[in-house]
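Student:
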Amino acid sequence: MSRIALFPGSFDPITIGHVDVITRSLDLFDKIIIGVGHNTTKQYMFPLQDRVEWIKNSFSDYPQISVESYSGLTVDFCKKVQARFILRGLRTSADFEFERAIAQMNHYLERGIETIFLLSSPQYAPVSSTIIRDIIRNGGNAQPFVADGVILK
Ligand code: ADP
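Per the working numbering, the sequence shown runs over residues 14 to 166.
Given below as C-alpha cells:
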C-alpha cells in the first residue's frame, strides 16, 4: 500500500517554513498532497486560485507532490484521496497544544489516519503566514520568506 500524506493548511501564502517541512518529509512518503483549505467562514488575504497556483509553481519539479483544494473535514478529504497520514509542522509549544487537540480529534473521527509532526528547522521557526501578511499589509518586503513560486506584486 503506498504511503500517501496530506499536508493541509491555508497557505495564505505558502512560506519557506512550509517548503522546509514538505521537502524534509519527501523520504517518508510515496506521495504528498498539499491540501489548500477553503473555508467560507474564514477571511483569506489571497484568493484560493493564487494560493494553489503559487504552490504548483513552487513544486513543479517534484512528481511526488501534488496540490488540491478542499473544504469540509480534513479526515473526509484524506479518505477521498486515500491518505493515511496527515503531515503537520511544529514551531512552538503553542503550535503543539493547538495541533495536539486537532490530531487527537481527527484520530477519534477516523482511527485509520495518523498525524505525523515534523519540528520546524530552527531558522524557520519564526516564519508564519500571519507575520508575512502583516509585512505585506505594511509595505515591507516579504519575498525572502515566501516560497519561490509566490508572486507578490
Ligand atoms: P493552518 O491555517 O491550518 O494553521 P498554515 O498554512 O498556517 O495552516 O500551516 C500549515 C502547517 O504548516 C501547520 O502544521 C503549521 O504548524 C505548519 N507551519 C507553518 N509555518 C511553519 C514553519 N515556519 N515551520 C514549520 N511548520 C510550519
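Built from N, CA and C at the ideal position, the CB exists for glycine as well.
Could you tell me the boundaries of the alpha helix (DSSP H) in which Ser142 lies?
Tutor: Where Ser142 is concerned, the enclosing alpha helix (DSSP H) stretches over 142–150.
Student: Confirm, please, whether the CB-CB distance from Ile78 to Val49 is below 9 angstroms.
Tutor: No, these two residues do not count as a Cβ contact at 9 angstroms.
Student: Based on Cα-Cα distance, which residue from Val94, Phe24, Ser71, Thr28 lies nearest to Pro60?
Tutor: For Pro60, the nearest C-alpha among the options comes from Phe24.
Student: Look up Ala138 in the DSSP assignment and say whether it is helix, strand or coil.
Tutor: Reduced to three states, the DSSP call for Ala138 is coil.
Student: Three or more beta-carbon pairs under 8 angstroms between the segment 131–145 and the segment 31–45, yes or no?
Tutor: Yes, since at least three Cβ pairs between the segment 131–145 and the segment 31–45 fall closer than 8 angstroms, the two stretches touch.
Student: Measuring CA to CA, which of Ile17, Ile29, Lys92 is closest to Gln136?
Tutor: Taking only the C-alpha atoms, the option nearest Gln136 is Ile29.
Student: Using the C-alpha atoms, what's the distance from Pro76 back to Thr54?
Tutor: C-alpha separation (whole angstroms): 33 angstroms.
Student: With respect to 8 angstroms, is the separation between the Cβ of Phe98 and the closest non-hydrogen atom of the ligand ADP below this value?
Tutor: Flag unset: Cβ of Phe98 not near the ligand ADP.
Student: Taking 9 angstroms as the threshold (C-beta atoms), are Leu165 and Phe98 in contact?
Tutor: No, they are not a contact pair.
Student: For the alpha helix (DSSP H) containing Val65, list its first residue and its last residue.
Tutor: Val65 -> alpha helix (DSSP H) spans 61–71.
Student: Spatial neighbours of Gln95 within its chain, please: CB distance less than 6 angstroms, with the 5 preceding and 5 following residues excluded, ordered by chain position.
Tutor: Cβ within range, chain order: Ile17.
Student: Report buried or exposed for Arg124, applying the criterion of at least 16 other Cβ atoms within 10 angstroms of its Cβ.
Tutor: Counting Cβ neighbours within 10 Å, Arg124 comes out exposed, since fewer than 16 surround it.
Student: I'd like the span of the alpha helix (DSSP H) that includes Leu122, first residue to last.
Tutor: From DSSP, the alpha helix (DSSP H) with Leu122 extends over 106–122.
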